[in-house]
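Since the structure comes first, as structure tokens, the remarks are kept for the end.
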Amino acid sequence: CRSWLPCLRLTGDRVEGHVKVDSTHCVRDAHSPNMSESMLELLKLYRERDARDEKIRNLEDALSKGGDVHKLKEMIAEQQRTLEENAATIHKLTSQVADKDRVVRQLRTKLIEQESRSANHERAHAGALIRPHLSEDSLTLMTDDGELQRLQEHIVAQSIKLAAREADLQALNDRFMSLEDENLNLQNRIKSLEDETGNLGEPLSPNTRIRVAELEAELAEARDRMQQMAERLAELDESNPASAVVIHSDVQVELERLKTKVAEYQDRLAVKDEQSATTTELQDSLDQKISETAVWTI
């Protein structure tokens, strides 16, 4: 068994010739009665030392591999942080681009609407039918051709109604101007009646003067009311033509009332003229009779 010691010391559990042995096998194979306990203990210690060295090498390899893994994990974590920072930067830049794109779209829509309104204003002055316009957002959202067609038809119908209302409003304005002219004519007629009354050769009676003053006061009130109607007509909304109808009716009623009063005043003046003429005839007849009486007296 002594000749096997180098092999046992080097390998721990293998001998030359690749025969597995341990201290017990060595003792049995050697059949040496001189194998002492010290030799057996030495063989055991060799084996424990080799096992301990093997364990140390395994631990060193594991620690070495573990260090590489730790470094790899740190690198991965660093790359992950970099990726997250890049993702946050990309998200921020994307939001900024979206905001700027939204602003550009809004400005473009406003520009299109302003151009359309300007063109419609020119068409309205030229007497042509205004054209509907669709914003870019509407064209983008309305992907269905049928729904887009219905929307265009609805806008055209609303545009036609709006044009009709504008025409009605313009006609109402023209009618209001004609009513103002008619009111001015009425005032001129009243002034001429006053002049004619003053040219009858005799002063106006107190009742006639009071009536003329009342009529002038009523005309002043009528002018104030018509001024208020003009202001209401100026504030009339194009989408609410019913208010224009009410104003038109008020003006008509006021003018009819003025016409009636002027007619009554004219009738009274006519009666006064007849009475004045009768008085003149009676005075002439009386003068003639006085002259005849004087002749007969002579």
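Add 1300 to a position in the sequence shown, counting from 1, and you land on the number used in our numbering. Backbone N, C-alpha and C fix where the C-beta goes; we use that ideal spot for every residue, glycine too. Predicted model only: the values in this text are computed from it and were never measured.
Reduced DSSP secondary structure (H/G/I, E/B, other) of residue i
| i | result |
| --- | --- |
| Ser1336 | coil |
| Ala1419 | helix |
| Thr1443 | Legend: pLDDT at Thr1443 = 45, less than 50; position of this residue unreliable, no value from coordinates given. |
| Glu1341 | helix |
Anticipated Cβ contact below 8 Å, residue i with residue j, distance rounded
| i | j | result |
| --- | --- | --- |
| Leu1519 | Gln1487 | 6 Å |
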